[in-house]
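Written out below as structure tokens is the structure these notes cover.
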Amino acid sequence: QRTGQAAPVRVAVDSSDAVYGAPLPAFTLREARMWLTNADRLHEVYSREDGAIVVPRFPYDLDSRHADFFAYCLIIGEDEMLSFTSTSPQHERPDFVETQRSTFKWILAHPTDNDCFAADNEVRYIWEAERGWWVRQTAQPSVMELVSAKARGAIN
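The end of the sequence shown is residue 347 by the working numbering, with every number in the run present.
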């Protein structure tokens, strides 16, 4: 019955970034997207259709001003880094600064979307229960994926 009154809701959140007992894939790419786009909303990465984790291609081309900022963040102290990169520095996870630095290193190593996505329009991972980990899906299967599929009898 609706009363028009708001009631508090408690939600359990797993902040370990783990699903199926394995870390979610493309974590650094998903972090980089937050720094490289002007998104005003969270991105849904879970595909309800097939259970895949999907990061759609997003256009970016790192300019020198942002590259300088990311490089600077790699050499400053933790407190200064927190003040530059967090809206609530006292409440971040213990690995926050390390995670941001790892993301910034990745961004500097991949300065355009072509460096990350190549010809693909998305980065997609599927869960392989028999292996117990996430596997990246590509338009063209790798040699190792073909060998593995043949060994499993999935292809002739």
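No residue lacks a Cβ here, since even glycine has one placed at the ideal position from N, Cα and C.
- Between T278 and Q291, the C-beta spacing is not below 7 Å.
- Ranked by Cα distance from R343, the first of C264, W325, E321, R232 is E321.
- The shortest C-alpha to C-alpha distance from F295 to any of R248, L265, T228 is the one to L265.
- A distance of 7 Å or more separates the beta carbons of W325 and P247.
- Only exposed fits A262, as fewer than 16 other CB atoms lie within 10 angstroms of its CB.
- Boundaries for I298: no beta strand (DSSP E) harbours it, while the alpha helix (DSSP H) harbouring it runs 287-300, taken from the DSSP string.
- By the criterion of a C-beta distance shorter than 6 Å, E222 is surrounded in its chain by T294, once the five residues flanking it on both sides are discounted.
- Per the C-alpha coordinates, the member of P285, H257, D254, A310 positioned closest to D270 is P285.
- Per DSSP, reduced to three states, the secondary structure at R327 is strand.
- Cα atoms of H234 and G268: separation of roughly 30 Å, rounded to the nearest angstrom.
- In the DSSP assignment, W226 forms no beta bridge with any residue.
- With contacts defined by Cβ atoms closer than 7 Å, V245 and R315 form a contacting pair.
- By the CB criterion at 7 Å, T219 and F249 fall outside the cutoff.
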